[in-house]
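Colleague: Quick note, the sequences are listed as chains A and B, same order. The numbering of the first sequence is the numbering used here, which starts it at 228 and goes up by one. The numbering of the second sequence is the numbering used here, which starts it at 249 and goes up by one. Where is the CB? At the ideal position from N, CA and C, for every residue including glycine. I'd like to ask some things about the structure below.
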Amino acid sequence: MADRIGTTVDSVDHTRPETLEDASPSLAATRSPRVTGGTPSDEHAVILELSDVNAYYGDFHAVDSVSLPIREKEVTAFIGPSGCGKSTVIRSINRMNDLIPTARIEGAITYHGVDLYAPGVDPVEVRRRIGMVFQKPNPFPKSIYDNVAFGPKISKYSGDMDELVERSLTRAALWDEVKDKLSDSAYALSGGQQQRLCIARAIATSPDVLLMDEPASALDPIATLRIEELMYELKQEYTIVIVTHNMQQAARVSDRTAFFSVDVKEGQRTGRLVEFADTATIFTNPQHDETEDYITGRFG
Amino acid sequence: MTTAATRREEATRAAVEKAITHGGPKLGSLAFRLLLLALLVMSFVILAALLADIASSAWPTFAERGPSFVMNGLSLNPATAGVWTGIVGSLIIAFIVAILAFPVGVAAAIYLEEYAPDNRRTRFVDTTVRNLAGVPSIVYGLLGLAIFVPVVRGIGLGGSTGGKNVIAAGITMAALVLPIVIITSAEAIRSVPNSIRDAGYGVGATQWEVISSHVLPSALPGILTGTVLTLARAFGETAPLLVIGVATGFFSPAGDATLLDQLTGPYTALPVVVFSWSRQTQAAFADTLAPAAIVVLLTVLFALNGFAIWLRNRTEGRW
C-alpha cells in the first residue's frame with residue numbers, strides 16, 4: 228500500500244470527501260445548512276488582500292469598501308443576495324473587470340504583497356497566475372485537447388503538452404470520460420463535463436489562485452456535486468475563491484465565508500461586505516443579524 | 249348527488265369547448281395568407297419571365313457558336329464576337345478587389361468592434377461606413393476618375409491608357425465594396441459571444457491572442473460569406489467602370505504586348521460588354537449576343553453565390 232502512494236497522485240482514485248447523500252441538500256439542511264467546511268487555523272499565509280475596495284460602473288457605485296484577506300490553499304466563499312457585488316469583487320481580483328469599459332476599481336488588491344492595480348501591472352500576467360472559471364461553461368469552439376492546451380501554448384509552455392493535457396484533465400476529474408475523444412469538439416460534452424473542462428483549462432496554466440464565479444449554478448445536482456468534490460481536491464494545491472448563490476454549497480466546500488449584502492439608497496444598489504469569518508462561525512454563530520437572517524432564509 | 253356533479257362537469261366541458269373552438273377558418277387571416285402568397289408568386293413570375301426571355305434570345309447564339317462564344321475575344325463581326333475579353337477583365341477586377349478590400353475591410357471591422365472605444369467618434373465612423381455602403385456606385389466612379397486614375401498614372405502604371413485601365417478599375421471597385429465588407433465583417437465579429445472572449449482572457453491571453461485564436465475563427469463563416477457576395481457585386485457593377493473609362497468599343501491587344509502592357513492597356517468587363525452590345529446598331533449584337541452575354545454573367549454570379557453558401561457551410565460545419 229505504502230509504495231503506491233507516490234504513484235496514485237495523478238490517478239482519479241480520489242477518496243471522496245462526501246457521498247451524494249451527505250452533500251445533497253436535504254430538507255433539514257435547507258433550514259439549517261450542514262457545515263462540513265472547516266474551522267481553519269491561521270497557519271495558511273495570506274495570498275490576496277483586499278483593502279478598502281470600491282467598484283464603480285460609470286457613476287454607479289457597485290461595491291462599497293470591501294476589505295478581506297484570502298489565505299492560500301483554502302476555499303473562500305462569497306455569498307449574498309443578487310446584486311450585492313460579489314461577482315464584481317471576484318472579477319476585480321484578476322482584473323477581468325478591466326474588460327468592461329466603464330468599470331473602475333478604487334482601493335488596493337494585493338497579491339503576495341504586490342498591488343494588482345499599480346501602474347505598470349500587466350493584466351495578462353495577472354490572469355495567468357489568477358485563473359478563472361465562469362458561471363456558464365464556456366469552452367472554446369475547438370477540440371477538447373485544444374481547449375486545455377490553449378493556455379499553456381500562449382504562455383510558451385515548453386514541456387510535454389500531451390502529458391500536461393492529461394494531467395490537467397485528470398485533476399479536473401474528466402480524463403477517464405474524454406481520453407478516447409480528445410479531438411472531439413468540446414461542445415459535444417454535457418454541461419457538467421464542459422464545466423470540468425473549463426476547470427482543466429484554468430489549471431493547465433498552473434495558476435496560484437482559481438476564481439470560480441458560480442461555477443455550478445448552471446449544472447444539475449450530480450454535476451454540482453462532482454464540481455464540489457473537485458474543489459475539495461484542488462484546494463490541496465490551489466487557493467480557491469468561489470462566488471455562490473447556494474448557501475449549502477458554501478457551507479460544504481468553503482473554509483471561510485464572506486457574506487455580502489446590498490444597500491438601496493437613492494435608487495442605487497450598492498453592495499458591501501457584512502461579515503467575514505470562518506465558515507463554521509458564519510453558519511452557526513454569525514455576529515450580525517443580517518447574516519443570520521440570510522442564512523436562515525428570512526431574507527434574500 | 250352524482251347526477252348533479254356530472255351535470256356540472258358536462259356544463260364546464262361545454263363551456264370550455266365553446267371557448268377554445270372556433271367555427272372554421274378565420275376569413276381575415278386566410279385573406280392575408282393568400283395576399284402574401286400572391287405577392288411571392290408575382291415576384292417569382294417576373295423573375296422567371298425575365299430569365300426565360302433572356303434565355304430564349306440567347307439560345308440561338310449558344311446553339312450555333314457553342315463554346316467559341318465564351319472563348320472568343322471582342323469583334324466587330326457578330327459571327328465571331330465573344331465575351332472572353334470581358335470575362336478576363338472582370339476576373340482581374342474581382343481579383344484586385346479581393347486582395348484590397350478583404351484585408352482592409354476585415355482589419356477595419358476588427359478595429360471598430362474590438363479596439364475602438366465606444367464613444368461618439370466611433371459611432372460617427374460606424375454610421376459613416378453604413379452611409380457609404382448606400383452611396384450610388386456612379387459616385388465611386390467619379391471618385392475613381394478624380395483620384396485613382398491619376399494615382400495609377402502617377403505611380404507609372406498608366407500605360408497606353410493614361411491610368412484608365414483595369415488597375416484603376418479594380419481599386420475603384422474595391423473602394424465601392426469596402427463599406428459592405430466592413431459592415432458584414434463587423435456583424436460577424438459582433439455575433440461572437442462574449443463568453444468566448446472571457447474564456448480567452450481568463451487563461452491569460454492577450455487581446456490579439458483572443459482575437460486571432462478565437463474571435464476571428466468563430467466569425468470566419470460570416471466574414472467569408474459577406475466577402476464573396478461583395479465580390480459578386482463588384483463583378484456585376486457597370487456604372488463606375490463607364491465613368492473611369494472602360495473601353496466600350498472594340499480592341500485587340502497587339503500580338504507582342506507584354507503582360508504589363510495588357511494590364512495597363514484598354515480593358516473591358518463583362519457587364520460593360522452587355523451594355524455596349526445592347527446599344528449596337530447591328531441587330532445581331534443587341535438581339536442575340538447581348539442576351540447570351542447576360543447568361544454568361546448570371547452563370548458566373550450564381551456560381552459565386554453558390555461558392556459563398558458552400559464556404560459558409562464548410563467553415564460552420566467544423567464544430
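Quick one: measure Cβ to Cβ for Glu-439/A and Tyr-449/B, integer angstroms, because I've assumed they're closer than 8 Å.
Modeller: Here residue 439/A turns out to be Met, not Glu, going by the sequence shown. Contact flag wrong, Cβ pair sits at about 16 Å.
Colleague: Nearest CA to the CA of Ile-327/A: which residue from Ile-336/A, Gly-285/A, Arg-354/A?
Modeller: Gly-285/A
Colleague: Using 10 angstroms around the beta-carbon of Lys-313/A, count the other beta-carbons present and answer buried if the total reaches 16, otherwise exposed.
Modeller: Its Cβ being crowded by 16 or more others within 10 Å, Lys-313/A is buried.
Colleague: If we cut at 7 Å on Cβ distances, does Leu-396/A have a partner in chain B?
Modeller: no
Colleague: Ile-381/A and Glu-457/B - do their beta-carbons sit closer together than 7 Å?
Modeller: yes
Colleague: Measure the CB-CB distance between Arg-401/B and Gly-389/B and report whether it falls below 7 Å.
Modeller: no
Colleague: Going by beta carbon distance, what residues of the same chain come within less than 6 Å of Asp-279/A, once the five residues before and after it are set aside?
Modeller: Ser-292, Ser-294, Gly-334
Colleague: Assuming Gly-378/A and Thr-466/A are in contact, meaning their beta carbons sit under 8 Å apart, how far apart are those beta carbons, in whole angstroms?
Modeller: With 8 Å as the limit, Gly-378/A and Thr-466/A do not qualify as a contact, their Cβ atoms being about 18 Å apart.
Colleague: From Ala-415/A to Val-273/A, what does the alpha carbon distance come to, in whole angstroms?
Modeller: In this model, Ala-415/A and Val-273/A are separated by some 40 Å (Cα to Cα).
Colleague: Exposed or buried, Ser-466/B, counting other C-beta atoms within 10 Å across all chains shown (16 or more means buried)?
Modeller: buried
Colleague: Kindly say whether Arg-318/A, judged by its beta-carbon, lies nearer than 7 Å to any beta-carbon of chain B.
Modeller: no
Colleague: Just confirm the distance between the C-beta atoms of Val-501/A and Thr-484/A, as a whole number of angstroms; I'd bet it's less than 8 Å.
Modeller: No, Val-501/A and Thr-484/A are not in contact; Cβ-Cβ is about 11 Å, not under 8 Å.
Colleague: For Val-451/B, decide whether its Cβ has a neighbour in chain A, counting only Cβ atoms nearer than 7 Å.
Modeller: yes
Colleague: For the region 472-479 of chain B and the region 331-350 of chain B, state whether three or more C-beta atom pairs, one from each stretch, are separated by less than 8 Å.
Modeller: yes
Colleague: For the candidate residues Val-451/B, Leu-284/B, Ala-355/B, Ile-268/B, whose alpha-carbon lies nearest to that of Leu-468/B?
Modeller: Ala-355/B
Colleague: Residues in the same chain with beta-carbon distance under 6 Å from Phe-533/B, minus the five sequence neighbours each way, listed in chain order, please.
Modeller: Pro-326, Trp-525
Colleague: Identify which residue in Val-377/B, His-462/B, Ala-279/B has its Cα closest to the Cα of Leu-424/B.
Modeller: Val-377/B
Colleague: Please confirm if His-270/B has its CB atom under 7 Å from at least one CB of chain A.
Modeller: No - not a single Cβ of chain A is within 7 Å of the one on His-270/B.
Colleague: Taking beta-carbon pairs under 9 Å, can you tell me which members of the region 421-454 of chain B lie near chain C?
Modeller: Among the chains of the structure shown, chain C does not appear; the protein chains present are A and B.
Colleague: Shorter than 7 Å from the beta carbon of Asn-561/B to some beta carbon of chain A?
Modeller: Asn-561/B has a beta carbon lying at 7 Å or more from every beta carbon in chain A.
Colleague: Kindly say whether Glu-238/B, judged by its beta-carbon, lies nearer than 7 Å to any beta-carbon of chain A.
Modeller: Outside the shown range of chain B, which is 249 to 567, sits residue 238/B, and nothing can be said about it.
Colleague: Along the beta strand (DSSP E) that carries Asp-495/A, what are the first and last residues, could you check?
Modeller: For clarity, residue 495/A is Gln in the given sequence; the question names Asp instead. Its beta strand (DSSP E) spans residues 495-505.
Colleague: Identify the contact partners of Lys-363/A in chain B, using a Cβ-Cβ distance below 7 Å as the criterion.
Modeller: Ser-443
Colleague: What does a CB cutoff of less than 8 Å around Ile-335/B pick up in its chain, not counting 5 residues either side in sequence?
Modeller: If the five residues before and after Ile-335/B are omitted, its C-beta is found closer than 8 Å to the C-beta atoms of Val-318, Leu-518, Val-544, Val-548, all from its own chain and listed in chain order.
Colleague: Which residues does DSSP pair with Thr-466/A in a beta bridge?
Modeller: Thr-466/A pairs with Val-436/A.
Colleague: Starting from Phe-486/A, trace the beta strand (DSSP E) both ways and give me its first and last residue.
Modeller: 483-492
Colleague: With a cut-off of 8 Å on the beta carbons, I'd call Ala-436/B and Ile-471/B a contact; round off their distance for me.
Modeller: 5 Å
Colleague: Of all the alpha helix (DSSP H) runs that stay within the bounds of the region 401-426 of chain A, which reach a length of 4 or more residues?
Modeller: The region 401-426 of chain A contains these whole alpha helix (DSSP H) runs: 402-405.
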